[in-house]
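Colleague: Chains as they are written, first to last, in this note's numbering: chain U, 1 to 371; chain X, 1001 to 1371. Glycine included, C-beta positions come from ideal geometry on N, C-alpha and C. Note that the structure is predicted; figures quoted are calculated from it, not measured. First, the structure itself, so that you have it in front of you.
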């Protein structure tokens, strides 16, 4: 873990905290949102633009890059950073979530998970060791171990069985190790029972990782339950390690995670909804395709300082989406990422000033949509 | 025509010429290629990027913008430049070509052309006066009159009939006039007979316009015939007015047009083929989807100085196209426009040094594809 350091700048043992994750490829001010660059590209944007939005770290998907272009191609290109021209830190997921959500005919054993490619039906085996080796070929900075991620609802007996695999694989991952300049996080699973989540957290911490992720949430469970489970898990995690809540990217949910002491977030939501015209605003989400915006000469979000909001009108964005023009998804994606980066920068300021809760209340008071 | 001036900097009465078209929104060094921004956007790029590629003037389509978002919306937004945020000059076509190629159930009379919208089947009438009024609402800088454009092959009697309409409408357009800060070009039609083209040119010049376009070519006729017809038309045009060859954008064809004394070009080809992975290089066109480029660590075009060629590899571009990632079309579009802008900048240098033909021969000697 040379070159990695996680420093807490403001922390009160519980609740929101301010930190800085130093990596060999630069620092990440936390709490932070990591835009998702599934296939070695944050859809529609150049790496320089992603950086401009305020993002310091991105996520890429092991599963997708393993299938296309293949880890050998990326290794020969000098690793993911050189291949896609993003100079900051990259976190790669393990592929576990995608195997369970996208692959066909998956089959779990203690050894790992066998699955068929959604692209050509070819059969593949992911073991804990193999996914770390793939991530070593990708040369990502933060590496995730293989986990078993089963969706919602999930009966306790199935959650227990999946947890057994996740913990077995966590130990093998720890023993296998990662490459030079890489940092391995653990993933806490445990389904939707607070007791099982607590146990999962304790046992993952026993294995010992450089950081901890909360996985398997935001897959359809009620929002209150998500919050409760995050709370249970975070309470078991060592304060000096970064905490990463996987799959959370809606502004209210992210601020809820921050309130519970989470440091890192990722989610496809901000970029995915952008591609169909949904933009984040301080009044909640807005779909610019709506005819009401036809003659709207105002910016996408009146309080946003991003270049899209400075340059373009809602009326023009509506026209771009209405005519299926590529520039629409591109501008909306840029704005949504810039919106989240600004929101988290404000959150960090508020934490530093010990006024996170009043700031959050104020910020959310103008929100008129559920996410 | 206040604020417009066309100056010839190098001219030998025939053959390639170097010029400068001054407009109220900036100058255009000619010969120049105008990227096509059909729906008030050059697909995938911001106006700032289009400018960065070296383009000084763009084209937008009256037909498309009339249907969506409608000229009233653009007029209320302050015109096309403000709507789309392109500050340089814009040429808008008349919609004539689109009515004939895209609209359903078109019906021509002396009055104009009635057509059904390809979007919703609604019926519309374009008259010479109406298309100028629409272009006045768009506030474009160079305005094109309604013309009758019938495709290839075209029997002489039909070409003659279409020419009658084009000339009738040209006169009515001249009489109707354009808005303040707008410049009206004439369009020379005449099908595929040199004699009819010559007559068309003479009679269009008699009406008298600020510039002249050659229309109705590159619709399937043999390349040699295109060249011959361009030659016939150009020979009839007054040397002190800009000449615009519509629909030509492949590098060899454009250089052929330059050799024959054309000043302005537009075509969807460079941007359209970019969206399926075809990039221009000094060796001819290349499709980066090809498996041969999987591990290619070289730039899209080794001699290009554009930011895409400086930053990205063919291998990465191949991956983007192979995974249907939006960034692929975007980067390829940028490169193709930058390639053409560099090619024409070199052509202008060569014309200035009276060595256009040797330069063109050298440049085309490395070309291994037909366009």
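1) Mark residue 290 of chain U as exposed unless 16 or more other C-beta atoms lie within 10 angstroms of its C-beta, in which case mark it buried.
2) What's the call for residue 1238 of chain X, buried or exposed, on a 16-neighbour Cβ count within 10 Å?
3) Considering just the uninterrupted stretch of the beta strand (DSSP E) at residue 1097 of chain X, what are its terminal residues?
4) Go through its chain and collect everything with a Cβ distance to residue 309 of chain U's Cβ below 7 Å, but skip five positions before and after it.
5) Using a C-beta to C-beta distance shorter than 8 Å, which residues of chain U count as neighbours of residue 1068 of chain X?
6) Hey, quick one: how far does the beta strand (DSSP E) through residue 287 of chain U stretch, first residue to last?
7) Are residue 1185 of chain X and residue 1149 of chain X close, meaning C-beta to C-beta below 8 Å?
8) Rounded to whole angstroms, what is the Cα-Cα separation between residue 1296 of chain X and residue 70 of chain U?
9) Rounded to whole angstroms, what's the CA-CA distance from residue 1311 of chain X to residue 1337 of chain X? Just pull it up for me.
10) Can you grab the Cα-Cα spacing for the pair residue 1120 of chain X / residue 1073 of chain X, in whole Å?
11) I'd like the span of the alpha helix (DSSP H) that includes residue 1234 of chain X, first residue to last.
12) Is there contact here, the stretch 152-166 of chain U with the stretch 181-198 of chain U, by at least three beta-carbon pairs under 8 Å?
13) Are the C-beta of residue 1028 of chain X and some C-beta of chain U separated by less than 8 Å?
14) For the stretch 1186-1221 of chain X, list the beta strand (DSSP E) runs that are entirely contained and at least 3 residues long, ordered along the chain.
15) For a test of the three-state rule: what should DSSP assign to residue 1111 of chain X, helix, strand or coil?
16) Is DSSP giving residue 265 of chain U helix, strand or coil here?
17) One question on the structure: do residue 340 of chain U and residue 270 of chain U come within less than 8 Å of each other, judged by their Cβ atoms?
18) What are the residues in the stretch 33-53 of chain U lying within 8 Å of chain X by C-beta distance?
19) If we count the other Cβ atoms within 10 Å of its Cβ and call it buried at 16 or more, is residue 292 of chain U buried or exposed?
20) Between which two residues does the alpha helix (DSSP H) containing residue 1123 of chain X stretch?
21) Could you work out which residues of chain U lie near residue 1327 of chain X, taking near to mean beta carbons separated by less than 8 Å?
22) May I ask you to verify whether the stretch 1003-1023 of chain X touches the stretch 81-95 of chain U, counting CB pairs closer than 8 Å and requiring at least 3?
23) Residues bridged to residue 244 of chain U by DSSP?
24) Residue 77 of chain U versus chain X: which residues are under 8 Å apart at the beta carbon?
25) Kindly list the residues whose CB is nearer than 7 Å to the CB of residue 1077 of chain X, restricted to its own chain and excluding five residues on each side of it in sequence; keep chain order.
26) Whose Cβ in chain X lies nearer than 9 Å to the Cβ of residue 73 of chain U?
27) Using DSSP with H/G/I as helix, E/B as strand and the rest coil, what is residue 42 of chain U?
28) So, helix, strand or coil for residue 257 of chain U, using DSSP?
29) Is residue 1321 of chain X helix, strand or coil by DSSP?
30) When you compare only the Cα positions, how much space is there between residue 1062 of chain X and residue 1136 of chain X?
31) Which of helix, strand or coil does DSSP assign to residue 315 of chain U?
32) Counting pairs of Cβ atoms below 8 Å between the stretch 1256-1265 of chain X and the stretch 1227-1237 of chain X, do you hit three or more?
33) CB residue 1187 of chain X to CB residue 1151 of chain X, shorter than 8 Å?
34) Just the C-alpha distance for residue 128 of chain U and residue 172 of chain U, rounded to the nearest angstrom, thanks.
35) Please tell me whether residue 1083 of chain X has its Cβ less than 8 Å away from any Cβ of chain U.
36) I want to verify the contact list: residues of chain U whose CB lies under 7 Å from the CB of residue 1289 of chain X, in sequence order.
Modeller: Checking against the coordinates, here is how it stands:
1) For this step, residue 290 of chain U is matched to residue 290 along the first chain. Exposed: under 16 other Cβ atoms inside 10 Å.
2) As a first step, residue 1238 of chain X must be located in the second chain, where it is residue number 238. Looking at its Cβ environment, which holds fewer than 16 other Cβ atoms inside 10 Å, residue 1238 of chain X is exposed.
3) Position 97 of the second chain, counted from the first residue, corresponds to residue 1097 of chain X. Per DSSP, residue 1097 of chain X belongs to no beta strand (DSSP E); it is in the alpha helix (DSSP H), 1096-1101.
4) On the first chain, position 309 is the one that residue 309 of chain U refers to. Closer than 7 Å at the Cβ level, and outside the excluded window around residue 309 of chain U, lie 299, 300, 301, 335.
5) Position 68 of the second chain holds residue 1068 of chain X. From the beta-carbon of residue 1068 of chain X, the residues of chain U found nearer than 8 Å are 319, 322, 323.
6) Counted from its first residue, the first chain places residue 287 of chain U at position 287. Counting along the chain, the beta strand (DSSP E) containing residue 287 of chain U begins and ends at 284-287.
7) In the second chain, the residue the question calls residue 1185 of chain X occupies position 185. In the second chain, the residue the question calls residue 1149 of chain X occupies position 149. At a Cβ-Cβ threshold of 8 Å, residue 1185 of chain X and residue 1149 of chain X do not count as neighbours.
8) Numbered from its first residue, the second chain carries residue 1296 of chain X at position 296. Numbered from its first residue, the first chain carries residue 70 of chain U at position 70. Straight across, the Cα-Cα distance linking residue 1296 of chain X with residue 70 of chain U is about 14 Å.
9) Here the question's residue 1311 of chain X lines up with position 311 in the second chain. Here the question's residue 1337 of chain X lines up with position 337 in the second chain. Distance from the CA of residue 1311 of chain X to the CA of residue 1337 of chain X, rounded to the nearest whole angstrom, comes to 16 Å.
10) Sequence index remark: in the second chain, residue 1120 of chain X carries index 120 (1-based). Sequence index remark: in the second chain, residue 1073 of chain X carries index 73 (1-based). When rounded, the distance between both Cα atoms is 19 Å.
11) The residue labelled residue 1234 of chain X in the question sits at position 234 within the second chain. Residue 1234 of chain X -> alpha helix (DSSP H) spans 1223-1236.
12) With three or more CB-CB distances shorter than 8 Å, the stretch 152-166 of chain U counts as touching the stretch 181-198 of chain U.
13) The count along the second chain starts at 1 and reaches residue 1028 of chain X at position 28. Residue 1028 of chain X does not count as touching chain U.
14) With a minimum length of 3 residues, the continuous beta strand (DSSP E) runs that stay inside the stretch 1186-1221 of chain X are 1211-1214.
15) Locating residue 1111 of chain X in the second chain gives position 111, counting from the first residue. Note: residue 1111 of chain X maps to coil in three-state DSSP.
16) As a position in the first chain, residue 265 of chain U is number 265, starting the count at 1. Reduced to three states, the DSSP call for residue 265 of chain U is strand.
17) For the purposes of this step, residue 340 of chain U is identified with residue 340 of the first chain, where counting begins at 1. For the purposes of this step, residue 270 of chain U is identified with residue 270 of the first chain, where counting begins at 1. One thing to note: residue 340 of chain U has its Cβ within 8 Å of the Cβ of residue 270 of chain U.
18) So the list reads 39, 40, 41, 43, 44, 45, 46, given in the order they occur along the chain.
19) Sequence index remark: in the first chain, residue 292 of chain U carries index 292 (1-based). Result: exposed.
20) Locating residue 1123 of chain X in the second chain gives position 123, where the first residue counts as 1. Unbroken run through residue 1123 of chain X is the beta strand (DSSP E), 1123-1126; no alpha helix (DSSP H).
21) Here residue 1327 of chain X refers to the residue found at position 327 of the second chain. Within 8 Å Cβ-Cβ: 41, 43, 44, 45, 46.
22) Between the stretch 1003-1023 of chain X and the stretch 81-95 of chain U, the count of Cβ pairs shorter than 8 Å is below three; the stretches do not touch.
23) Here the question's residue 244 of chain U lines up with position 244 in the first chain. DSSP lists U/213, U/264 as partners of residue 244 of chain U.
24) Reading the first chain from its first residue, position 77 is the one you call residue 77 of chain U. When 8 Å is used as the limit between beta carbons, residue 77 of chain U is near these residues of chain X: 1295, 1297, 1313, 1315, 1316, in chain order.
25) Here residue 1077 of chain X is taken as the residue at index 77 of the second chain, counted from 1. Taking residue 1077 of chain X as the centre and dropping the five residues before and after it, the same chain places the C-beta of 1083 closer than 7 Å to its C-beta, in chain order.
26) Along the first chain, one-based indexing puts residue 73 of chain U at 73. 1294, 1295, 1315, 1319, listed in chain order.
27) Walking along the first chain from the start, residue 42 of chain U turns up at place 42. Correct three-state label for residue 42 of chain U: coil.
28) Reading the first chain from its first residue, position 257 is the one you call residue 257 of chain U. Helix at residue 257 of chain U.
29) Mapped onto the second chain, residue 1321 of chain X falls at position 321. Under the three-state reduction of DSSP, residue 1321 of chain X is assigned to helix.
30) As a first step, residue 1062 of chain X must be located in the second chain, where it is residue number 62. As a first step, residue 1136 of chain X must be located in the second chain, where it is residue number 136. Distance between the alpha carbons of residue 1062 of chain X and residue 1136 of chain X: 10 Å.
31) If you number the first chain from 1, residue 315 of chain U lands on position 315. Three-state DSSP puts residue 315 of chain U in a helix.
32) With a cut-off of 8 Å, the stretch 1227-1237 of chain X and the stretch 1256-1265 of chain X count as touching, because enough Cβ pairs lie within range.
33) Reading the second chain from its first residue, position 187 is the one you call residue 1187 of chain X. Reading the second chain from its first residue, position 151 is the one you call residue 1151 of chain X. Cβ atoms of residue 1187 of chain X and residue 1151 of chain X: not closer than 8 Å.
34) Within the first chain, numbered from 1, the residue matching residue 128 of chain U stands at position 128. Within the first chain, numbered from 1, the residue matching residue 172 of chain U stands at position 172. In this structure, the alpha-carbon of residue 128 of chain U lies about 7 Å from that of residue 172 of chain U.
35) Working through the second chain from its first residue, we reach residue 1083 of chain X at position 83. For residue 1083 of chain X, the closest Cβ of chain U is nearer than 8 Å.
36) Here the question's residue 1289 of chain X lines up with position 289 in the second chain. In chain order: nothing, as chain U lies at least about 12 Å away.
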